[in-house]
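S.K.: As numbered in this note's numbering, residues 1 to 249 make up the sequence shown, in order.
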Amino acid sequence: QFNHRIQWQDKVLWDPQRQAVTALRQAMLGALTLHSEPLSAPDPQALTAAMIAGIRASGIAVLPWTPSLHIWHARVMLLRRHMSGEEVWPDLSDAALSADLEAWLAPYLEGITSIKALARLDLHNALRNQLSYRQQQLLDTLAPTHIVVPSGSRRPIDYSADTPVLAVRLQEMFGAIDTPAIVNGRLPLQLHLLSPAGRPAQITQDLAGFWRNSYPAVKKDLKGRYPKHHWPDDPLSAQPTARAKPRRQ
Numbered sequence: 001q002f003n004h005r006i007q008w009q010d011k012v013l014w015d016p017q018r019q020a021v022t023a024l025r026q027a028m029l030g031a032l033t034l035h036s037e038p039l040s041a042p043d044p045q046a047l048t049a050a051m052i053a054g055i056r057a058s059g060i061a062v063l064p065w066t067p068s069l070h071i072w073h074a075r076v077m078l079l080r081r082h083m084s085g086e087e088v089w090p091d092l093s094d095a096a097l098s099a100d101l102e103a104w105l106a107p108y109l110e111g112i113t114s115i116k117a118l119a120r121l122d123l124h125n126a127l128r129n130q131l132s133y134r135q136q137q138l139l140d141t142l143a144p145t146h147i148v149v150p151s152g153s154r155r156p157i158d159y160s161a162d163t164p165v166l167a168v169r170l171q172e173m174f175g176a177i178d179t180p181a182i183v184n185g186r187l188p189l190q191l192h193l194l195s196p197a198g199r200p201a202q203i204t205q206d207l208a209g210f211w212r213n214s215y216p217a218v219k220k221d222l223k224g225r226y227p228k229h230h231w232p233d234d235p236l237s238a239q240p241t242a243r244a245k246p247r248r249q
């Protein structure tokens, strides 16, 4: 006698317990569920919408971030902060990414219906496509991953803090007066000038000022602890080296 009041409904929802999309066909009598069965061919757009709801509820951190992608992300965000007056770099903050999932992530979610399946997601490609082609080309020039120091060594730049850090042995910077800088020379790197043991002997964004004011005291300390290394009185005329002492000419 209730048959005429029974309605069949297709539901595609995010299941927080299973951390996955659930697709069901349900027989409903008002608000009462009489029967549920798996939905054989759920609408792909509904699957994507439910998956996006799950990602939004779980947080952007559930996406398959890698260490190299975190570095890439930090470089883009740095350029957004420092290039705002001339070119708009995309806002890739957690809040902006979460708010705009439908636009930037949805095209890459085909066949992905669970948090576990996100391991297959090409997150780097999805994020990179938020940059214009010109910005993709400029990124390595304006915010490089590495920099060549006076000794000839190629050292990584750490973008994890607000001010990027270049950690380099003090002796590798002999002869250089200008602080290495990025963003077309506008942003001096924070130099962590390391002792032979790899610990910061000095932290500065003013290399010339360091040689002029602090180096004599630092040299005296390092010479006492590392007497086999080369600690010249005039660092600006000394040969930079990644060795204990420079090679003889």
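Where is the CB? At the ideal position from N, CA and C, for every residue including glycine.
For a cutoff of 9 Å on Cβ pairs, would you count A31 as touching chain C?
M.R.: Included in the structure is just one protein chain, with no chain C present.
S.K.: Excluding the 5 residues preceding and the 5 following S58 in the sequence, name in chain order all residues of the same chain whose CB lies nearer than 7 Å to its CB.
M.R.: For the purposes of this step, residue 58 is taken as residue 58 along the sequence shown, with counting starting at 1. Answer for S58: I115, listed in chain order.
S.K.: If I measure Cβ to Cβ from R18 and keep anything under 6 Å in the same chain, skipping five residues before and after, which residues do I get?
M.R.: Mapped onto the sequence shown, residue 18 falls at position 18. Excluding positions up to five away in sequence, the list is empty.
S.K.: Please list the segments of the alpha helix (DSSP H) lying wholly inside the segment 152 to 235, counting only runs of 4 or more residues, in order along the chain.
M.R.: As far as the segment 152 to 235 is concerned, its whole alpha helix (DSSP H) runs of at least 4 residues are 215 to 225.
S.K.: What does the alpha-carbon distance come out to for the pair A53 and P42?
M.R.: Walking along the sequence shown from the start, residue 53 turns up at place 53. Walking along the sequence shown from the start, residue 42 turns up at place 42. In a straight line, the C-alpha of A53 is about 16 Å away from that of P42.
S.K.: Got a sec, what are the start and stop residues for the alpha helix (DSSP H) T141 sits in?
M.R.: In the sequence shown, counting from the first residue as 1, residue 141 sits at position 141. Counting along the chain, the alpha helix (DSSP H) containing T141 begins and ends at Y133 to L142.
S.K.: Could you give the residue range of the beta strand (DSSP E) that holds E37?
M.R.: Here residue 37 is taken as the residue at index 37 of the sequence shown, counted from 1. L32 to P38 is the extent of the beta strand (DSSP E) around E37.
S.K.: Measuring only the C-alpha atoms, how far is R7 from L24?
M.R.: Numbered from its first residue, the sequence shown carries residue 7 at position 7. Numbered from its first residue, the sequence shown carries residue 24 at position 24. It is worth fixing the name first, because residue 7 is Gln in this sequence and not Arg. Computed Cα separation, rounded: 14 Å.
S.K.: Is the CB-CB distance between Y108 and D122 below 9 Å?
M.R.: Translated into positions along the sequence shown, residue 108 becomes position 108. Translated into positions along the sequence shown, residue 122 becomes position 122. Closer than 9 Å, so yes.
S.K.: Leaving out five residues on either side along the sequence, give the residues of the same chain with a beta carbon under 8 Å from the beta carbon of P188.
M.R.: Numbered from 1 along the sequence shown, position 188 holds the residue referred to as residue 188. Excluding sequence neighbours, P188 sits near T179, P180, A181, Q205 and D206.
S.K.: Using CA atoms only, rank isn't needed, just tell me which of S237, D162 and E37 is closest to E172.
M.R.: Translated into the one-based positions of the sequence shown, residue 172 becomes position 172. Residue S237 is the option with its Cα nearest to E172.
S.K.: CB of V76 to nearest heavy atom of the ligand FMN: below 8 Å?
M.R.: Within the structure as shown, the ligand FMN is missing, as the structure has no ligands at all.
S.K.: Among residues of its own chain, excluding the 5 on either side of H82, which ones have a beta-carbon nearer than 8 Å to its beta-carbon?
M.R.: Within the sequence shown, residue 82 is the residue found at index 82, counting from 1. Hits under 8 Å: V183, R186 and L187.
S.K.: So, are the CB atoms of G175 and P240 less than 9 Å apart?
M.R.: Here residue 175 corresponds to residue number 175 of the sequence shown, with the count starting at 1. Here residue 240 corresponds to residue number 240 of the sequence shown, with the count starting at 1. Yes, the pair counts as a contact, with Cβ atoms nearer than the cut-off.
S.K.: Go ahead and pull the three-state DSSP assignment for W89.
M.R.: Position 89 of the sequence shown, counted from the start, is the residue given in the question as residue 89. Here W89 sits in coil by DSSP.
S.K.: Between which two residues does the beta strand (DSSP E) holding R56 run?
M.R.: Within the sequence shown, residue 56 is the residue found at index 56, counting from 1. R56 -> not in any beta strand (DSSP E); alpha helix (DSSP H) instead, spanning P44 to S58.
S.K.: Does the distance from the CB of L79 to the CB of L138 come in under 9 Å?
M.R.: Residue 79 sits at position 79 when you count from the first residue of the sequence shown. Residue 138 sits at position 138 when you count from the first residue of the sequence shown. Their beta carbons are under 9 Å apart, which means L79 touches L138 by this criterion.
S.K.: So W8 is in the beta strand (DSSP E); what residue range does that whole segment cover?
M.R.: Start at 1 with the first residue of the sequence shown, and residue 8 comes out as number 8. Where W8 is concerned, the enclosing beta strand (DSSP E) stretches over I6 to D15.
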